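The sequence shown lines up with residues 346 to 419 when you count with our numbering. All C-beta atoms, glycine included, are put in the ideal place defined by N, C-alpha and C. What you are looking at is a predicted structure, and each value in this text was computed from that prediction instead of being measured. Take a look at the structure below.
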Amino acid sequence: MGKKGTPLTKQISETKEIILKYDQTYITFKYTALSYESPEKNQYAYMLEGFEKDWHYVGNERKATYSSLEDRKI
């Protein structure tokens, strides 16, 4: 939010949908853990509702990128 080219107009926690412009064909979500005691033990999974049905279990990777999203609401 607040960066040039971002599709967000408010905080992600307050956003119900994201509408990409015709030239915004990909989006990356970066996330962090809620516990910092043993960061090496944190494991992440993500799923984009309405776009896919299965979770991606990605170990300690802290971002998710989606491409080929031309003119899509997510």
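Span separating the alpha-carbon of residue i from that of residue j
{"i": "Asn405", "j": "Ile363", "result": "26 angstroms"}
{"i": "Met392", "j": "Asp399", "result": "6 angstroms"}
{"i": "Ala409", "j": "Glu382", "result": "23 angstroms"}
{"i": "Leu365", "j": "Glu385", "result": "34 angstroms"}
{"i": "Tyr411", "j": "Tyr367", "result": "15 angstroms"}
{"i": "Phe374", "j": "Glu397", "result": "15 angstroms"}
{"i": "Leu379", "j": "Gly350", "result": "28 angstroms"}
{"i": "Gln388", "j": "Val403", "result": "7 angstroms"}
{"i": "Ile357", "j": "Glu394", "result": "15 angstroms"}
{"i": "Thr354", "j": "Gln369", "result": "15 angstroms"}
{"i": "His401", "j": "Ala390", "result": "5 angstroms"}
Presumed contact (8 angstroms Cβ cut-off) between residue i and residue j, rounded CB distance
{"i": "Arg407", "j": "Tyr371", "result": "So it is not a contact: roughly 17 angstroms between Cβ atoms."}
One or two residues paired with residue i in a DSSP bridge
{"i": "Ile372", "result": "Tyr411"}
{"i": "Tyr420", "result": "Because the chain is modelled from 346 through 419, residue 420 falls outside the range shown and cannot be assessed."}
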